[in-house]
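K.L.:
In this text, residue positions in the sequence shown follow the UniProt record's numbering: the first is 1, and each later residue adds one.
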Amino acid sequence: MKGHVYKRGETWTFVVDVGRDPVTGKRKQKSKGGFRRKRDAEAALRKLLSEIDENRYIEPSSEAFSSFIEKWFYEHYKKRIKETTAISREYLLKKHLIDENPFANKPLSSITTEDIDSFYNLKLDEGYSTNYIRKMHQLLHQAFEQAVKWKKISYNPATQADPPSIKKEEMKIWSLNEIHKFLNECKNERNYITFLLAIYTGMRRGEILGLKWSDIDFDKKVIHVNRSLGSSPNYCVNSPLIDNMDLMT
Numbered sequence: 001m002k003g004h005v006y007k008r009g010e011t012w013t014f015v016v017d018v019g020r021d022p023v024t025g026k027r028k029q030k031s032k033g034g035f036r037r038k039r040d041a042e043a044a045l046r047k048l049l050s051e052i053d054e055n056r057y058i059e060p061s062s063e064a065f066s067s068f069i070e071k072w073f074y075e076h077y078k079k080r081i082k083e084t085t086a087i088s089r090e091y092l093l094k095k096h097l098i099d100e101n102p103f104a105n106k107p108l109s110s111i112t113t114e115d116i117d118s119f120y121n122l123k124l125d126e127g128y129s130t131n132y133i134r135k136m137h138q139l140l141h142q143a144f145e146q147a148v149k150w151k152k153i154s155y156n157p158a159t160q161a162d163p164p165s166i167k168k169e170e171m172k173i174w175s176l177n178e179i180h181k182f183l184n185e186c187k188n189e190r191n192y193i194t195f196l197l198a199i200y201t202g203m204r205r206g207e208i209l210g211l212k213w214s215d216i217d218f219d220k221k222v223i224h225v226n227r228s229l230g231s232s233p234n235y236c237v238n239s240p241l242i243d244n245m246d247l248m249t
């Protein structure tokens, strides 16, 4: 069985002969492109040849990417994450990975690393943050990885993709004087206790909002963090604590 790699534009492609069509008698070939490095294409070719020789070859799925990732998200991924995480991921899925994705309607097996890198560049040009684009990358990588496990594709194209790096920004931390000034200014605010807890305990917003009287040991002066309250359309919090909770992020 023969195979080779060749450069096509800025990326590499491999081609392999897989025998002849039993009906037409014509030679059948399998190819895959979009590899950014020659060695990646060669590695994928060796893997395919090995799979064919050992009868482990998987015929790539012709299912559209949008159809696959929607099924994966709702039937698999969503059941394994927190509800609050699912809400934000669902928005990301629908808006960016389906509605505004150039390769959404491409067959799952034909999506390349180049397609994914171009997608990230598009999102950068649209003004989205590197951190948000990396969340898209994380979701894409997990989806393609599951497609490999489900034997729909043999290679995860997101593995070699290059999402933008997060630029480390210097944190702006209040001085002790600024903290005292802030607390003095908001002493009459109804969320004053919320601010005190956030500043002096380091508790997260959800942890503060999830506190109950039973979590506080006044004798030992200890607060036990037993839960975290998140935003969910199925749960309503009637509490003044949430009115200004964006100040704590």
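Virtual Cβ for every residue (Gly too), placed ideally from N, Cα, C.
(1) For A143 and L197, I'd like the C-alpha separation in whole angstroms.
(2) Using DSSP's beta-bridge definition, name the partner residues of Y6.
(3) Do I116 and L92 have their C-beta atoms within less than 9 Å of each other?
(4) From L247 to C186, what does the alpha carbon distance come to, in whole angstroms?
(5) Confirm, please, whether the CB-CB distance from R89 to K71 is below 9 Å.
(6) Could you check the C-alpha separation between E207 and I87 for me, to the nearest Å?
(7) Helix or strand or just coil, what does DSSP make of I153?
(8) Considering Cα atoms alone, identify which of W150, G34, E83 is closest to R8.
(9) Does the count of Cβ pairs from the region 156–163 and the region 102–118 closer than 8 Å reach three?
(10) I'd like the list of long-range same chain contacts for T201, defined as Cβ closer than 6 Å, with 5 residues on each side in sequence excluded.
(11) Which residues in the same chain have their Cβ closer than 6 Å to the Cβ of I98, if we skip the five residues on either side of it in sequence?
(12) For the beta strand (DSSP E) that S31 lies in, which residues bound it at each end?
(13) Could you say which of P22, S31, I179, Q138 lies nearest to K2 if we only look at CA atoms?
(14) From what residue to what residue does the alpha helix (DSSP H) around R89 run?
(15) State buried or exposed for N121, treating a residue as buried only when at least 16 other CB atoms are found within 10 Å of its CB.
(16) Within 10 Å of its beta-carbon, does N101 have 16 or more other beta-carbons around it, so buried, or fewer, so exposed?
(17) Here's the rule: buried if 16 or more other CB atoms are within 10 angstroms of the residue's CB, otherwise exposed. What is S109?
(18) Please report the straight-line C-alpha distance between K220 and F195, rounded to a whole angstrom.
(19) Determine which residues share a DSSP beta bridge with I223 and list them.
(20) Of all the options V148, P163, R227, which has the alpha carbon lying nearest to the alpha carbon of N131?
(21) Just to confirm the assignment, what range does the alpha helix (DSSP H) spanning D53 have?
P.N.:
Straight from the coordinates:
(1) Here the question's residue 143 lines up with position 143 in the sequence shown. Here the question's residue 197 lines up with position 197 in the sequence shown. Spanning the two alpha carbons is a distance of roughly 39 Å.
(2) Translated into the one-based positions of the sequence shown, residue 6 becomes position 6. T13.
(3) As a first step, residue 116 must be located in the sequence shown, where it is residue number 116. As a first step, residue 92 must be located in the sequence shown, where it is residue number 92. Not in contact: I116 and L92 (Cβ atoms no closer than 9 Å).
(4) To locate residue 247, count along the sequence shown from 1; it is residue 247. To locate residue 186, count along the sequence shown from 1; it is residue 186. Residue placement at L247 is poorly supported in this model, since its pLDDT is 35, which falls under 50; the coordinates are not used for a value here.
(5) Counting from 1 along the sequence shown, the entry for residue 71 is found at position 71. Counting from 1 along the sequence shown, the entry for residue 89 is found at position 89. Going by C-beta atoms, K71 is not nearer than 9 Å to R89.
(6) Indexing the sequence shown from 1 puts residue 207 at position 207. Indexing the sequence shown from 1 puts residue 87 at position 87. Near 19 Å, if we compare the C-alpha coordinates of I87 and E207.
(7) For this step, residue 153 is matched to residue 153 along the sequence shown. Residue state, collapsed to three classes: coil.
(8) In the sequence shown, residue 8 corresponds to position 8, counting from 1. The residue with the shortest Cα to Cα distance from R8 is G34.
(9) yes
(10) Your numbering for residue 201 matches position 201 in the sequence shown. Cβ neighbours of T201 beyond the five flanking positions: none.
(11) Working through the sequence shown from its first residue, we reach residue 98 at position 98. Excluding residues within five positions, the ones whose Cβ falls inside 6 Å are S66, A104.
(12) Counting from 1 along the sequence shown, the entry for residue 31 is found at position 31. Taken as a continuous stretch (DSSP letters only), the beta strand (DSSP E) holding S31 covers 27–35.
(13) Taking the sequence shown and counting its residues from 1, one reaches residue 2 at position 2. Nearest of P22, S31, I179, Q138 to K2, Cα basis: S31.
(14) On the sequence shown, position 89 is the one that residue 89 refers to. Per DSSP, R89 belongs to the alpha helix (DSSP H) from 83–92.
(15) Locating residue 121 in the sequence shown gives position 121, counting from the first residue. By the 10 Å Cβ count, N121 comes out exposed.
(16) Against the sequence shown, residue 101 aligns to sequence position 101. N101 comes out buried.
(17) The residue you call residue 109 lines up with position 109 of the sequence shown. When all chains shown are included, S109 counts as buried.
(18) In the sequence shown, counting from the first residue as 1, residue 220 sits at position 220. In the sequence shown, counting from the first residue as 1, residue 195 sits at position 195. Approximately 22 Å, taken between the alpha carbons.
(19) As a first step, residue 223 is located in the sequence shown; it is residue number 223 there, counting from the start. DSSP output for I223 lists I216 as bridge partner(s).
(20) For the purposes of this step, residue 131 is taken as residue 131 along the sequence shown, with counting starting at 1. The shortest Cα separation from N131 among V148, P163, R227 belongs to P163.
(21) The sequence position of residue 53 within the sequence shown is 53, counting from 1. Unbroken alpha helix (DSSP H) run through D53: 38–53.
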